[in-house]
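Written below as structure tokens is the structure these notes are about.
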Amino acid sequence: MEMKDKVTSKFEELFGAGATLYASPGRINLIGEHTDYNGGFVFPGAVDKGIIAAIRPNGTDKVHAFSLDMNEMSEFGLREEDLPAQSWARYIFGVCREMQKRGVKVGGFDTTFAGDVPLGAGMSSSAALESTYAFALNELFDGHVDKFELARVGQATEHNYCGVKCGIMDQFASVFGKKGNLMRLDCRSMEFEYFPFDPKGYKLVLLDSVVKHELVGSPYNKRRESCERVAKTLGVETLRDAEMKDLEAIKDKISEEDYKRARYVIGEKQRVLDVCDALQRGDYETVGKCMYQTHWGLSKDYEVSCEELDFLVTVAEECGVTGSRIMGGGFGGCTINLVKDELYDHFIAEAKRRFNEKYGHEPKVYPVVISDGSRKL
2 MEMKDKVTSK FEELFGAGAT LYASPGRINL IGEHTDYNGG FVFPGAVDKG IIAAIRPNGT
62 DKVHAFSLDM NEMSEFGLRE EDLPAQSWAR YIFGVCREMQ KRGVKVGGFD TTFAGDVPLG
122 AGMSSSAALE STYAFALNEL FDGHVDKFEL ARVGQATEHN YCGVKCGIMD QFASVFGKKG
182 NLMRLDCRSM EFEYFPFDPK GYKLVLLDSV VKHELVGSPY NKRRESCERV AKTLGVETLR
242 DAEMKDLEAI KDKISEEDYK RARYVIGEKQ RVLDVCDALQ RGDYETVGKC MYQTHWGLSK
302 DYEVSCEELD FLVTVAEECG VTGSRIMGGG FGGCTINLVK DELYDHFIAE AKRRFNEKYG
362 HEPKVYPVVI SDGSRKL
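The working numbering numbers the first residue of the sequence shown as 2 and each following residue consecutively.
Here you go:
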């Protein structure tokens, strides 16, 4: 049974007929990692996996939400003190609250939802969930919130209700995705443009290490603080305004760790622009080289990789894969790989075999299709 049929039949079983279906995708990011909160550029695209929700206003001030993936119901009101206990329900609650703050008269509703974004793979299932509900509530409750603000609703939900100080990229990609295109977003000015992405002769594939290293105290927020300290020492708003020579000039005023974090971010800013130029020339070999540089920068300078991901990237290099890198926040999850068609089968087989030999399980394989953003089905 297709996901949308599952979502619909569960809705009918719990609440009766008359629901409207909405969907939002997860995302990949070709390059530009940990740059969004540094005012830099990111280069995401929406994928063909995401969240589907069936929603119908119920005329009360209560939300009844059922997660098919968790097989769990949550019921909550729409006031600040009604924060639900389940972490998945907090995303929906947060979106309701953030929409209300933007003047949308959100009322109670019944909803069921499911997702096929692989969890923990760095494809932003949470942003897909937020975008689905932001888009839906805007339409169902006659809001006039523009698409950018819908992305900000998701981001604010993470900040205010889920405890993650994320940038805007994931929600932006989920809302604005366009089939056959990647998007370069300037995270400072919020200007973006679509770049056609149709690499003839290459495939894009994710290899999921199925490893999630839970680290005590959010390492994500710590990286962010390093970047902010260096920017402050340099007297700039964010590292976006810094060049490598500026960083070298203050090397003795900052810790070795902060220096390495900033070195990665400043280098990554340039790599995103290099990739854009290369894509316009159809030069996928340069795109691939930049991906490898990003990976080893994230591994050695930013220190957000892990042994398993470094191993997958090394296997990719040895198999002649054009480009490979860790994708997402780090500490586990996936590598994203740009592979020539004729090398694809060999690479996947080798990666599975060698990873299994070393770690006792195979990585999961997710071919990527670049798809559309938030929409009514």
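Don't be surprised by glycine CBs; every beta carbon is placed ideally from N, CA and C.
Nearest by alpha-carbon distance to residue i: which of the options is it?
i: GLN87; options: GLY289, LYS166, CYS307, GLU76; result: GLU76
i: GLY168; options: PHE177, ARG189, LYS180, LEU183; result: ARG189
i: GLY164; options: THR112, TRP89, VAL146; result: TRP89
i: VAL374; options: TYR195, LYS233, GLU34, ALA18; result: Before going further, note that residue 374 is Gly rather than Val in the sequence given. For GLY374, the nearest C-alpha among the options comes from TYR195.
i: VAL154; options: ALA250, VAL118, GLY202, ARG98; result: ARG98
i: GLY116; options: PHE67, LEU344, PRO200, LYS63; result: PHE67
i: VAL64; options: MET71, ASN72, LEU84; result: LEU84
i: GLU81; options: ASP70, LEU69, MET100, MET74; result: MET100
i: PRO220; options: CYS277, ARG354, VAL305, ASP275; result: VAL305
i: ASP57; options: PHE12, PRO26, ASP259; result: Here the sequence assigns Arg to residue 57, which means Asp is not the residue at that position. Residue PHE12 is the option with its Cα nearest to ARG57.
i: GLY178; options: ARG354, ALA152, ARG262, GLU249; result: ALA152
i: ILE267; options: ASP284, CYS277, ASP302; result: ASP302
i: SER126; options: LEU344, ASP70, GLY17, LEU138; result: ASP70
i: PRO119; options: ASN161, CYS335, VAL340, GLU249; result: CYS335
i: GLY329; options: GLY283, HIS35, ALA20, ALA18; result: HIS35
i: GLU308; options: PHE356, GLN271, TYR345; result: PHE356
i: VAL340; options: LYS359, GLY283, VAL231, GLY202; result: GLY202
Ignore the nearest five residues each way along the sequence and tell me which others in residue i's own chain have a CB closer than 8 Å to its CB.
i: ARG225; result: TYR38, LYS166
i: VAL217; result: Confidence in VAL217 is poor, its pLDDT being 45 and thus under 50, which makes the residue's placement unreliable; the coordinate value appears in the next sentence. Correct list: empty, nothing qualifies.
i: GLU150; result: ARG103
i: ASN182; result: GLY46, TYR195, PHE196, PRO197, PHE198, ILE371
i: ASP275; result: THR287, CYS291
Only counting the same chain, and skipping five residues up and downstream in sequence, which positions put a Cβ closer than 6 Å to that of residue i?
i: ASN338; result: VAL206, ALA317, VAL322, SER325
i: ASN59; result: GLY109, PHE110, ASP111
i: VAL273; result: ILE32, GLY33, PHE42, PHE44
i: ALA54; result: TYR23, THR112, PHE114, THR133
i: ALA174; result: ARG28, PRO45, ALA47
i: PHE16; result: ASP111
Below 8 Å on the Cβ atoms is my contact criterion, and I expect residue i with residue j to pass it. Report the Cβ-Cβ distance as a whole number of Å.
i: CYS320; j: HIS347; result: 6 Å
i: VAL212; j: GLY333; result: 4 Å
i: LEU310; j: SER210; result: 6 Å
i: PHE193; j: SER25; result: The Cβ separation is near 17 Å, so there is no contact.
i: LYS204; j: ASP342; result: 6 Å
Let me confirm a value: residue i is counted as buried when at least 16 other C-beta atoms fall within 10 Å, else exposed. Which label applies?
i: SER372; result: buried
i: GLU269; result: buried
i: ASN30; result: buried
i: ARG264; result: buried
i: GLN172; result: buried
i: LEU378; result: exposed
i: GLN281; result: exposed
i: HIS362; result: exposed
i: GLY298; result: buried
i: ARG262; result: buried
i: ASN72; result: exposed
i: ASN139; result: buried
i: GLU159; result: buried
i: MET124; result: buried
i: GLY40; result: buried
Which same chain residues end up closer than 7 Å to residue i when comparing Cβ atoms and leaving out the 5 residues on each side of it in sequence?
i: THR61; result: GLY109
i: ALA352; result: LEU208, LEU313, VAL316, PRO364
i: ALA279; result: THR287, VAL288
i: LEU235; result: ALA243, ASP247, ILE251
i: ASN222; result: LYS166
i: GLY19; result: ARG57
With a threshold of 8 Å, establish whether the CB of residue i neighbours any heavy atom of the ligand GTP.
i: ASN30; result: Annotation note on the ligand GTP: not contained in the displayed structure, which lists no ligands.
The stretch 47 to 61 contacting the stretch 367 to 374, beta-carbon criterion three pairs below 8 Å: yes
Stretch-stretch touch, CB-based, cutoff 8 Å, three pairs: the stretch 129 to 137 with the stretch 88 to 106: yes
contact_flag[the stretch 5 to 14, the stretch 235 to 252] where n(CB pairs < 8 Å) is 3 or more: Contact fails: fewer than three Cβ-Cβ distances are below 8 Å.
Cβ contact (3+ pairs, closer than 8 Å) linking the stretch 142 to 151 and the stretch 95 to 107: yes
Segment contact, 8 Å Cβ cut-off, at least three pairs: the stretch 288 to 295 with the stretch 248 to 257: no
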